[in-house]
Amino acid sequence: MSGPGTSAAAEESIPDIPTRIRTGLSAGFRTSLKIIKVSVPLYVAVTLLKGTPFLDLLGKVFAPVMGIFGLPGEAAFAFVAAFLLNLYAAIAVIVPLHLTPFQVTQCGLMMGVAHNLVVEGGVLSTTGARGGVLTLCRLVIACAAGLLLRGLWSLWEIAFSWAMALPGIS
Amino acid sequence: MMDLLLPALLGGLKLSAKLILIIVPLVTLFEVLRYLPVFRRAGNVVEPMMRGVGLTRDAAIPLFTGIFLGIAYGAGIIIRVAQQKGLPARELFLMGLFLATCHSVIEDILIFVVIGGNGLAILVVRLGLAVFLTGLMSRVWKPA
């Protein structure tokens, strides 16, 4: 099997297994440092701010926008963390907010599409694609995905409650 | 103040530990498996699927690197192959659109499953939307 598509893969030499494990572990270690550096301070900040007038006010301001996607207003803070930093930062904000399973799923979906916009926008533009346009696309797609999931989730819940109401299923 | 700060700090560390326990084995496993011949030959299997969204097999390596590894971590491979192969602007755009919607799926979804999300729902919506949007745009922007 040596089609034209495999030639690029064959050009890079294959390191042996111990080297690969070392590469993986060191990449994992770097990510771990990044996780601790970002997640711990944010988690502490949100835990302490929860219930204070500041976070309540922030929640009220963003409640109409976040409500479109079935999320509480406070989730806006998590979106800021996801857009500017990364998903670990967003998770550190989400956990102290005690969201429902649907809301966590919704955050995971929308933030999965649109996160780390500054760094990844740069990477995408170096491939020759339009970085700015793609970043805008990601925000629009994230909103579309959020609406889609909200619709699908309510359909699923309706179907589920109907199924449970059928005789013979307890 | 201390009685508030300490549990918060502990909670933050516990969350970090959970995420790290997912990420380190995942990255290491990927690094070990990525050179297997199975993955190199995968290009042949996915070619028909890629044609459906307007991409050729030249885009296979950067596309699948992005889907599984993510844009930031897979940046090196994505940029290098895109330049080596001289992918046309249309394919770069379609690949970018697909990856914008659907990238780094394993890691991103696992860390949200850890905190109580539904991984399958996230995967289905992201993959479905990526295929739909890229397929749509490949029909709007016809190859030259």
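Protein chains in written order, with this note's numbering: chain A, 28 to 197; chain B, 47 to 190.
Just so you know, even glycine gets a beta-carbon here, dropped at the ideal spot from N, CA and C.
None of the values given here were measured: they were computed from a predicted structure.
Beta carbon of residue i nearer than 8 Å to that of residue j
{"i": "Phe129/A", "j": "Trp180/A", "result": "yes"}
{"i": "Ser59/A", "j": "Ile66/B", "result": "yes"}
{"i": "Ala116/A", "j": "Ser188/A", "result": "no"}
{"i": "Gly100/A", "j": "Gly86/A", "result": "yes"}
{"i": "Glu77/B", "j": "Gly51/A", "result": "yes"}
{"i": "Leu175/B", "j": "Ser150/B", "result": "no"}
{"i": "Ile155/B", "j": "Gly165/B", "result": "yes"}
{"i": "Ile118/A", "j": "Tyr81/B", "result": "no"}
{"i": "Leu136/A", "j": "Gly173/A", "result": "yes"}
{"i": "Gly55/A", "j": "Ile157/B", "result": "no"}
{"i": "Arg165/A", "j": "Val140/A", "result": "yes"}
{"i": "Ala102/A", "j": "Cys134/A", "result": "yes"}
{"i": "Val171/B", "j": "Leu98/A", "result": "no"}
Close Cβ partners of residue i (< 6 Å) along its chain, the five nearest in sequence each way excluded
{"i": "Gly142/B", "result": "none"}
{"i": "Val92/A", "result": "none"}
{"i": "Met28/A", "result": "Confidence at Met28/A is low in this model, with a pLDDT of 35, below 50, so its placement is unreliable and no value can be given for it."}
The alpha helix (DSSP H) enclosing residue i, as first and last residue numbers
{"i": "Val67/A", "result": "Ile44 to Leu76"}
{"i": "Phe110/B", "result": "Ala106 to Leu115"}
{"i": "Glu153/B", "result": "Val151 to Val160"}
{"i": "Glu101/A", "result": "That residue, Glu101/A, is in no alpha helix (DSSP H); it is neither H nor E in DSSP."}
{"i": "Lys87/A", "result": "Pro80 to Ile95"}
{"i": "Leu166/B", "result": "Gly165 to Val186"}
Contacting residues, own chain, Cβ-Cβ under 8 Å from residue i (five flanking each side not counted)
{"i": "Pro31/A", "result": "Here Pro31/A scores only 42 on pLDDT, less than 50, and its place in the model is too uncertain to base an answer on."}
{"i": "Ala72/A", "result": "none"}
{"i": "Leu79/B", "result": "Phe85"}
{"i": "Val131/A", "result": "Ile121"}
{"i": "Asn205/A", "result": "Shown here, chain A extends from 28 to 197; a query on residue 205/A therefore has no answer."}
Under the three-state DSSP convention, the category residue i falls into
{"i": "Ser40/A", "result": "coil"}
{"i": "Glu137/B", "result": "helix"}
{"i": "Arg80/B", "result": "coil"}
{"i": "Cys134/A", "result": "helix"}
{"i": "Thr127/A", "result": "coil"}
{"i": "Leu51/B", "result": "helix"}
{"i": "Leu254/A", "result": "Residue 254/A lies beyond the residue range present for chain A, which begins at 28 and ends at 197; the question has no answer from this structure."}
{"i": "Gly100/B", "result": "coil"}
{"i": "Pro31/A", "result": "Only weak support exists for where Pro31/A lies, its pLDDT of 42 falling under 50; the value from the coordinates is given anyway. Helix at Pro31/A."}
{"i": "Pro189/B", "result": "coil"}
{"i": "Cys164/A", "result": "helix"}
{"i": "Gln94/B", "result": "Note that residue 94/B is Pro in the sequence shown here, rather than Gln. Helix, per DSSP."}
{"i": "Pro194/A", "result": "coil"}
{"i": "Ala186/A", "result": "helix"}
{"i": "Gly132/B", "result": "coil"}
{"i": "Cys170/A", "result": "helix"}
Beta-carbon proximity list for residue i, same chain, < 7 Å, skipping 5 on both sides
{"i": "Ile62/A", "result": "Tyr115"}
{"i": "Ala36/A", "result": "A caution first: Ala36/A carries a pLDDT of 45, below 50, which makes its placement in the model unreliable, though a value can still be read off. For Ala36/A, where only same-chain residues beyond five positions count, there are no Cβ hits under 7 Å."}
{"i": "Glu137/B", "result": "Leu101, Thr102 and Ala105"}
{"i": "Ile268/B", "result": "Nothing about residue 268/B can be read from this structure; chain B reaches only from 47 to 190."}
{"i": "Leu179/B", "result": "Leu143 and Thr147"}
Legend entry - Within 7 Å of chain B by C-beta, residues of the stretch 59-93 of chain A in sequence order: Ser59, Ile62, Ile63, Ser66, Val67, Tyr70, Val71, Thr74 and Leu75
Inset, instruction - Residues of the stretch 149-163 of chain B with a CB closer than 9 Å to any CB of chain A: list them in chain order, please. - result: His149, Ser150, Val151, Glu153, Asp154, Ile155, Ile157, Phe158, Val159, Val160, Ile161, Gly162 and Gly163
Inset, instruction - Using a Cβ-Cβ cut-off of less than 8 Å, list which residues of the stretch 169-185 of chain B approach chain A; keep chain order. - result: Val171, Arg172, Leu175 and Leu179
Legend entry - Members of the stretch 167-191 of chain A near chain B, C-beta cut-off 8 Å: Ile168, Ala171, Ala172, Leu175, Leu176, Leu179 and Trp180
Legend entry - Positions along the stretch 93-105 of chain A whose CB lies within less than 7 Å of some CB in chain B: none
Inset, instruction - Residues of the stretch 137-148 of chain B with a CB closer than 7 Å to any CB of chain A: list them in chain order, please. - result: Leu138, Phe139, Gly142, Leu143, Ala146 and Thr147
Inset, instruction - May I ask you to list, following chain order, the residues of the stretch 131-147 of chain A that have a beta carbon less than 9 Å from some beta carbon of chain B? - result: Val131, Thr132, Gln133, Cys134, Gly135, Leu136, Met138, Gly139, Val140, Ala141, His142, Asn143, Val146 and Glu147
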